[in-house]
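Below is one structure, written out as structure tokens, with a few remarks after it.
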Amino acid sequence: MPVKKRFLISLVIPVYNEAGVVEQTHARLRQTLDALPHDFLIYYINDGSSDDTERSLAGLAAADSRIRLLTLSRNFGHQAALTAGLDHAEGDLVISMDCDGQHPPELLPEMITLFEQGYDIVQAQRMEAEQGFSFKSATSAAFYRLINRISGTRIEPGAADFRAMSRQAVDALKAMPEYHRFLRGMIAWMGYKSVILPFHEPKRLAGKSKYSLAKMLRLASDAIFSFSLLPLYIGLSAGGLFILLAAAQIAYVLYIFIIKPAHVTIAPGWSSLMAVMLIASGVIMILLGFIGVYVGYIFQQVKGRPVYLLKKR
Ligand code: UDP
Ligand code: MG
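Residue numbers (the working numbering): 10 to 322.
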């Protein structure tokens with residue numbers, strides 16, 4: 010499909026407790042947008058902020074008619090807020106980015122050019138090499154190694170939720186109603202023509218990361234359990250191994266009892282028996298845990314609850 014020269018672009022920006030930061034981000038965004046020939050709509054999704062974000066956003070919206078505000082009824086999390094934005098965004102090209110200054114708007118012209126060249130997904134990727142060592146970068150690297158090992162979908166390490174998507178890709182994503190959302194994975198899974206745009210991720214403008222450890226763990230769990238059945242197979246293999254061990258042990262016991270009855274002793278061996286029992290029950294509990302997670306995910310999916318609820322549009 011040939012792309013028109015001038016088209017409508019929507020920006021989707023989730024905001025959670027970022028009062029003070031959104032103004033700076035928006036001012037910087039305006040500078041970039043005003044220099045571009047396209048029409049823009051800017052969707053700010055207030056993800057249940059408890060600070061002054063609501064007021065900041067209302068102030069911005071009063072001064073800039075391109076702004077659209079979506080307010081979620083509570084804090085649903087980054088992926089749900091992004092989903093709300095993508096669901097509502099109009100236009101031929103939709104670009105999602107963070108509002109904390111870590112996704113530089115200066116990259117937008119290049120993203121748009123790549124879209125015009127025919128890419129459906131322009132995915133910005135942090136250059137990890139220059140990030141230095143931190144808890145976040147180390148756990149993120151380990152996470153991507155794991156997920157790429159166990160899932161059939163290749164997910165680029167350091168792929169941020171900073172990307173441009175064609176209308177076709179956004180519509181395809183909207184047709185995926187899954188509750189546990191790991192958008193990077195879902196978008197990689199769709200398989201549209203993509204290109205990676207490496208970028209240097211600056212520090213946050215102000216405030217602290219809104220991704221608490223609990224939120225990071227939840228995202229990792231959503232990614233692992235919705236992109237891989239491997240945990241279930243680990244269980245299966247571990248179970249098989251234990252059956253083999255048990256068979257070997259029975260054979261050994263029978264051998265002692267039948268061939269060498271003189272060697273039978275009971276009390277010694279208690280410790281090894283205990284060890285085997287503990288390990289086996291540990292393995293069973295882990296397996297039940299894995300199954301429990303999948304059952305939980307199925308339960309939530311079957312309930313068919315919406316991923317987010319809007320309070321205000
Ligand atoms: N965010 C959100 N809901 C949340 C957590 C974060 O909408 O529950 C937003 C946040 O305001 C920011 C973006 O998601 O615009 C990324 O969050 P953050 O910068 O805190 O994550 P980090 O860059 O530390 O991974
Ligand atoms: Mg950030």
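All residues carry an ideal CB built from backbone N, CA and C; glycine is no exception.
Could you check the C-alpha separation between Leu-116 and Cys-108 for me, to the nearest Å? Taken atom to atom, the span from the alpha-carbon of Leu-116 to that of Cys-108 is near 14 Å.
8 Å Cβ shell around Gln-309 - same chain, five flanking residues per side excluded: Contacts found: Tyr-188 and His-189.
With hydrogens ignored, establish whether the beta-carbon of Tyr-220 is closer than 7 Å to any heavy atom of the ligand UDP. Yes - the ligand UDP has a heavy atom lying nearer than 7 Å to the Cβ of Tyr-220.
Those residues which DSSP pairs with Asp-48 across a bridge: Leu-17.
Would a C-beta distance cut-off of 8 Å place Phe-191 and Gln-111 closer than the cut-off? Their beta carbons are not under 8 Å apart, which means Phe-191 does not touch Gln-111 by this criterion.
Using a Cβ-Cβ cut-off of 8 Å (strictly less than) and excluding sequence neighbours within five positions of Ala-181, which residues of its own chain qualify? These residues qualify, in order along the chain: Met-199 and Tyr-201.
Buried or exposed: where does Leu-91 fall if 16 or more other Cβ atoms within 10 Å of its Cβ makes it buried? Leu-91 should be labelled buried.
Taking the Cβ atom as the reference point for each residue, do Leu-79 and Ala-70 lie within a distance shorter than 8 Å? Pairing Leu-79 with Ala-70 gives a Cβ-Cβ distance that is not under 8 Å.
Contact the stretch 158-174 vs the stretch 120-133: 3+ CB pairs below 8 Å: Between the stretch 158-174 and the stretch 120-133, the count of Cβ pairs shorter than 8 Å is three or higher; the stretches touch.
Looking at C-alpha atoms only, which residue of Asn-26, Phe-144, Ser-19 and Ala-151 is the closest neighbour of Ala-98? Ala-98 has its Cα closest to that of Ser-19, out of Asn-26, Phe-144, Ser-19 and Ala-151.
How is the alpha helix (DSSP H) around Val-31 delimited, first residue to last? 30-43 is the span of the alpha helix (DSSP H), which, as asked, contains Val-31.
Please classify Leu-102: is it buried, with 16 or more other beta-carbons within 10 angstroms of its beta-carbon, or exposed? Buried, by the Cβ-count rule.
What separation, rounded to the nearest whole angstrom, lies between the Cα atoms of Pro-23 and Leu-297? Using only the alpha carbons, I get a separation of about 36 Å.
By a C-beta neighbour count over all protein chains shown, 10 Å radius and 16 as the cutoff for buried, is Tyr-317 buried or exposed? So Tyr-317 counts as buried.
What I want to know is whether the C-beta of Gly-86 ends up closer than 7 Å to one or more non-hydrogen atoms of the ligand UDP. Correct: Gly-86 has its Cβ closer than 7 Å to the ligand UDP.
Just tell me which of Leu-42, Pro-166 and Ala-67 has its CA closest to the CA of Phe-208. Nearest in C-alpha terms to Phe-208, of all of Leu-42, Pro-166 and Ala-67, is Pro-166.
Ignoring anything shorter than 3 residues, give me the beta strand (DSSP E) runs that lie fully in the stretch 172-229, in order along the chain. If only uninterrupted beta strand (DSSP E) runs of at least 3 residues are considered, those enclosed by the stretch 172-229 are 203-208.
Hey, could you find the ends of the alpha helix (DSSP H) Ala-260 is sitting in? Run containing Ala-260: 239-268, per the alpha helix (DSSP H) assignment.
Would you list, in sequence order, the uninterrupted alpha helix (DSSP H) runs of no fewer than 4 residues that lie entirely inside the stretch 98-133? Correct list: 117-125.
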